[in-house]
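Trainee:
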Amino acid sequence: YNALHLALLIGVFAGAAFLVRGQERDQTPAGRKLFQNLCTSCHGENAKGGRGPDLTTGDWRWGRNDDAILKNILQGIPGTAMPPFSISENEGKSIVSYLHSLKNSGPAESLHGDAAAGASLFFGAGKCSQCHMVNGRGGRLGPELSAVHAERSPAELRESIVNPNKSQLRGYEAVEIRLKSGQQIRGARKNEDTFSIQVMDNQEHLHLLLKQDVQEVKTSSKSLMPEPTLAAGDVDNLIAFLRDPLTPAPAGGNWSPSRDLNVTFDRLKNARAEPQNWLTYWGNYEGTHYSPLASITPENVSALTSQWTYQFGAGTNETSPIVVDGLMFVTGPSNNAAALDARTGRQIWQYRRNLPRIASQCTIVSNRGFAILGDRLYMATLDAHLIALDAKTGALLWDTEVADYRKGYSINHAPLALNGKIVVGITAGECAVQGFLDAYDAGTGKQLWRRWTVAQEGDPGRATWSGNSAEFGGAPTWMTGTYDAESDTLFWPVGNPGPDYNGAVREGDNLYSCTVLALEPGTGKVKWYFQFNRHDTHDWDATETPMLIDTRFRGSPRKLLVQANRNAFYYILDRETGKFLAGKPFVHQTWAKGLDDSGHPVVIPGTDPTPEGVYVCPDASGATNWAAPSYDPKANLFFLTVRESCAVYSSRTREPQPGATYTGTGQQADRNVVIAGAIRALDPVTGDMRWNFPIQEGSTAAGVLATGGGVLFAASRDGNLIALNATNGKPLWHYQTGGAMRSSPMSYAVDGRQYVAISANSTLITFALPLPAK
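Counting from 130, one number per residue, gives the positions in the sequence shown under the numbering used here.
Written as C-alpha cells, this is what we have:
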C-alpha cells in the first residue's frame with residue numbers, strides 16, 4: 130500500500146454525508162422548522178443524536194451526497210429505523226439545507242493544483258489506482274472515488290490525505306484473520322456478524338468465511354497502508370484531479386477481468402456444465418429455467434427448511450438472482466442492488482441509484498435482475514439507462530442512456546450478455562412511442578446497433594401500419610430474450626401494438642408487434658420472424674419466454690423454439706427457419722377457432738373490442754404471462770403457470786401523446802369468475818396436457834423451476850413456494866412465505882449443498898435440506 134491510498138480509502142467517507150455545498154441558505158429556516166417537527170424524536174433537539182445518530186458531524190454511514198440524503202428523507206433507509214416522510218421534494222431540500230448549516234466548514238479553500246498532473250500521479254507514480262477506482266479505472270480494495278468531488282470540500286480532502294489514520298470506513302477496516310487450517314488472511318472487512326465474516330484480501334480476492342472455521346479475528350486502528358510522504362504540490366494536484374475527475378486520465382488500461390471472478394462467454398454458453406451456478410436470468414441461454422442439481426428429491430423435499438433471508442426494503446420485488454461461485458447478485462425494486470454471500474445471505478456491497486420521477490403510468494416500477502460478463506454486472510434502469518457495476522465492489526463503471534425516460538420509456542427486465550456485448554430491450558407499449566432492441570459494447574457502454582420493432586420507412590413491413598400509426602406503434606421488448614450459441618442466433622420476443630385495444634386507428638398486421646425476432650447478434654439484422662398475433666387488440670404481448678429445446682419431433686431430431694403465449698395458444702416453431710410446426714390452446718379461450726397451417730389464429734368474428742364492450746377469454750393479462758416456464762429434459766415435459774380468465778374489452782379512439790397513456794380504453798375483468806390458476810405440464814412437441822395442479826389464483830409473474838432431482842418448484846401469488854413431483858404433479862411440500870410472489874424460484878449450490886431461492890414481496894428467502902448431524 131502507498132500512503133496516499135489509505136488517505137483516500139479512509140478519509141473520503143469519514144464525513145461524506147453533508148459535504149456538498151450550494152444549498153440555498155433561505156431554505157434553512159423552513160428546514161429547521163420541519164426538522165423540529167419530524168426528526169427530533171430520533172436525532173435530538175439540536176441534531177446531536179438520540180435514538181438516531183448525531184447529524185452535525187457529517188460522519189454518516191448512509192448518504193454520500195445531497196441527492197442521497199434527500200432520497201433517505203423522502204424514501205427512508207431500508208433495513209434501518211429511518212422511515213420515509215410524506216413531504217414534498219422542496220421540503221426535503223430545506224431539511225438538507227438546515228443540516229448543512231449545522232456544520233461549519235470554514236472559509237472556502239482556493240484550488241491551486243493541476244488536475245492533469247494529479248491524474249498522472251493518481252494513475253502513475255502515486256499508485257493510487259492500485260486500490261481506488263475513478264471512472265471505471267483502478268483497484269477495488271479502497272473506496273471508489275469518482276463522486277468524491279460532490280462529497281468533500283478541498284479542505285476536507287486535504288485533511289484526509291495528510292491524516293489517513295483518523296478513522297476507517299465501515300466495509301474497509303483493516304483486519305487479520307487466522308483460520309483453523311493455519312491460513313492467514315489480511316485485508317478489508319466487508320461485513321461481519323456473529324457467525325460469519327466477509328473479507329477482501331490485499332489481492333482483491335473475496336473470502337466468505339464461517340466463524341466456525343476461524344481461529345482468530347484481529348482488527349487494527351491503523352489502515353492497510355503507511356503514513357503519507359507526499360509533497361504539498363502533489364497533494365494540491367491530487368485534490369484538483371479528484372475535484373475534477375472528468376479530466377482525461379492517462380491512456381491505456383484495457384478491461385482485464387479478475388482471475389478469480391471471470392464469467393466468460395464460453396462459460397455462459399456452457400452454463401449446464403456449472404449446475405452449482407445460475408449465470409443468466411433464465412439459468413442458461415436457452416431459457417429452459419432448469420437446474421440440473423439433484424440433491425433435493427421427491428423423497429427428501431419435505432425436509433426443506435428456510436436458511437436465510439435478505440430484505441430489499443419497500444417495493445414490488447421481481448428479481449431472479451445471479452449466482453457465481455458462492456457469490457449472489459440481486460437487484461431491488463428501485464434499481465438498488467447488492468452482492469451477497471450465497472451461503473449466509475450477508476451483504477458484501479450495496480448499490481443505490483438516485484432515480485428521477487419516472488413515468489410510472491408507462492411501466493412497472495421494479496427490476497428483474499442482472500446480466501454478468503467477465504467481472505462486471507449489467508443492470509437496466511427505470512430511467513432507461515444501462516449501467517455496468519464492478520461485481521466485487523458495486524462501483525459504477527459506466528452509465529449509458531438508452532432512451533429518454535421523460536417520453537415514457539423505461540426498462541425493468543434483465544439484460545442479456547453475449548460475446549462482448551450487452552443486449553437490452555425497452556418498455557414502450559402504453560405511452561405512444563416505438564419499441565426497439567439495442568446492443569452495447571460490454572467494455573465501454575457504446576451502442577453497437579439498434580433494431581426497431583415497429584417497421585421503419587423502407588421496410589416492407591411499414592405497409593402493415595395504416596396512416597402514421599407506426600409512429601406511435603409500441604411493440605415493446607420488455608422481457609429477456611434467449612440465444613442459440615450453435616447457430617449464433619438471438620431470439621427476442623416483442624409486445625403489443627399501440628394503442629392496445631383500439632385497432633381501428635392502426636389497420637394492418639402491425640409488424641413486428643406480438644412477434645418473436647430471430648436476429649444476428651453482431652448486427653441486429655433479422656434472420657426470420659414469426660408473428661403470433663396479427664393486429665392484436667387484446668394486449669396479448671408475445672414477450673413470453675422463447676424457449677429453445679432439442680428433442681424428437683414426429684420421429685426426427687429437431688431444433689425447436691417453443692412458447693406458451695399470452696393469447697392462450699402453445700406454439701412449436703423450427704428455430705432454424707421460423708417455420709410453424711404445431712400449436713394448440715392450453716387454457717379455455719373464446720377468440721379463435723384455432724391456428725391455421727401457418728400458425729396464425731383463425732379469429733372468430735365479433736371478438737375485437739367495441740365501444741360497448743365484448744366478452745372474451747382470456748383477459749388482457751393472458752393465459753400466462755412473463756412468469757418463467759421450465760423444461761425438464763429428463764422427463765421431456767414443459768411446465769408453466771396458467772390463468773383461466775375472461776374480461777369485457779372496450780375501445781375508443783384517443784389522440785397519441787408520447788409519455789402519456791395511450792391504450793385505446795381497456796378491459797374489465799369478469800368479477801363473477803374467479804381467475805383460477807394452475808401449474809401444468811405439457812408435452813413439449815404436441816402441447817397436450819400431461820397433468821394439472823390447481824392453485825388458488827393464477828399469477829402473471831410467479832413461475833416454475835424444474836430440477837434434476839425430479840422436483841418441480843412453483844411459486845404462487847398467495848405466497849406459497851410449492852414442491853411438486855415433476856412426473857405426475859403430486860404435491861410434496863409447501864412453505865408460506867408471508868408475501869406476494871412476483872418472481873420465479875431458482876436453484877444453486879455452495880460446497881455441494883443445494884439451495885432454492887425465491888423473492889416474496891420485499892424479501893429474498895433461501896431453502897435447503899438440513900446439514901447432516903456431526
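Quick reminder that beta carbons are idealized off the backbone N, C-alpha and C, glycines included.
1) Compare the beta carbon distance of Gly858 and Trp820 with 8 angstroms and say whether it is the shorter of the two.
2) By Cβ distance, which residues of its chain are closer than 8 angstroms to Leu422, with the 5 residues on each side in sequence left out?
3) For a quick check, are the C-beta atoms of Ser780 and Ile804 less than 8 angstroms apart?
4) How long is the line joining the alpha carbons of Trp384 and Asp504, rounded to whole angstroms?
5) Are at least three pairs of beta-carbons, each pair with one atom in the region 161-168 and one in the region 437-452, less than 8 angstroms apart?
6) Between which two residues does the beta strand (DSSP E) harbouring Leu518 extend?
7) Need the endpoints of the beta strand (DSSP E) that Arg819 sits in, please.
8) Considering only residues of the same chain and omitting the five flanking positions on each side of Val583, which have a CB-CB separation below 6 angstroms?
9) Taking the runs of the alpha helix (DSSP H) that are 4 residues or longer, which of them lie wholly in the region 670-735?
10) Identify which residue in Ala517, Pro860 and Lys295 has its Cα closest to the Cα of Val553.
11) Under 8 angstroms: do the region 885-900 and the region 838-854 share three or more Cβ pairs, one atom per stretch?
12) Taking the Cβ atom as the reference point for each residue, do Arg695 and Asp670 lie within a distance shorter than 8 angstroms?
13) Tell me which same chain residues have a C-beta within less than 6 angstroms of the C-beta of Gly242, skipping the five on either side of it?
14) Using a Cβ-Cβ cut-off of 6 angstroms (strictly less than) and excluding sequence neighbours within five positions of Ser349, which residues of its own chain qualify?
15) Could you check if Tyr760 is buried or exposed, using at least 16 other CB atoms within 10 Å of its CB as the buried criterion?
16) From the DSSP output, read off the bridge partner residues of Pro626.
17) Could you have a look at Asn849 and say whether DSSP puts it in helix, strand or coil?
18) Can you give the Cα-Cα distance for Leu900 and Gln341, rounded to whole angstroms?
19) According to DSSP, simplified to helix, strand and coil, what is Ser258?
20) By a C-beta neighbour count over all protein chains shown, 10 Å radius and 16 as the cutoff for buried, is Arg372 buried or exposed?
21) Smallest Cα separation from Asp617: which of Ala246, Tyr410 and Arg704?
22) Just the C-alpha distance for Glu85 and Leu270, rounded to the nearest angstrom, thanks.
23) Apply the 10 Å Cβ neighbour rule to Asn483 and answer buried if 16 or more other Cβ atoms are within range, or exposed otherwise.
24) Could you give the distance in angstroms between the alpha-carbon of Val743 and the alpha-carbon of Trp862?
25) Going by C-alpha distance, which of Phe822, Thr417 and Arg800 is nearest Gly806?
26) Could you tell me whether the Cβ atoms of Thr770 and Gly832 are closer together than 8 angstroms?
27) Taking DSSP as the reference, what is the three-state secondary structure of Ile451?
28) Looking at the secondary structure, which residues open and close the alpha helix (DSSP H) in which Glu285 lies?
29) How many angstroms separate the CA atom of Lys654 from the CA atom of Arg580?
30) Between the Cα of Ala897 and the Cα atoms of Ser249, Ser431 and Gly205, which residue gives the shortest distance?
31) Counting along the chain, where does the alpha helix (DSSP H) carrying His905 start and finish?
32) Using the Cβ count rule (16 or more neighbours within 10 Å means buried), how would you classify Thr323?
33) Alpha carbons only, please: which of Glu273, Met676 and Cys168 is nearest the one belonging to Val264?
34) Kindly indicate which three-state DSSP category Asp365 falls into: helix, strand or coil?
35) Run through the DSSP bridge pairs and tell me what Phe251 is partnered with.
36) Let's see if you can read the secondary structure: which residues bound the alpha helix (DSSP H) around Tyr227?
Mentor: In short:
1) yes
2) Pro404, Gln405, Thr836, Gly837, Gly838, Ser876, Tyr877, Ala878 and Gln883
3) no
4) 10 angstroms
5) no
6) His514 to Asp519
7) Met818 to Ile824
8) Gln563, Ala599, Gly602 and Ala604
9) none
10) Ala517
11) yes
12) yes
13) Asp365, Asn366, Ile368 and Ala369
14) Ala303
15) buried
16) Gly603
17) strand
18) 14 angstroms
19) helix
20) buried
21) Arg704
22) Nothing in the structure corresponds to residue 85, since the chain is present only between 130 and 903.
23) exposed
24) 41 angstroms
25) Phe822
26) yes
27) strand
28) Pro283 to Val291
29) 8 angstroms
30) Ser431
31) An answer regarding residue 905 cannot be provided, because it is not within the stretch 130 to 903 covered by the chain.
32) exposed
33) In the sequence as presented, Val is not what sits at residue 264; that position holds Asn. For the residues Glu273, Met676 and Cys168, the minimum Cα distance to Asn264 belongs to Glu273.
34) helix
35) BP columns for Phe251 are empty, so no partner.
36) Glu218 to Ser230
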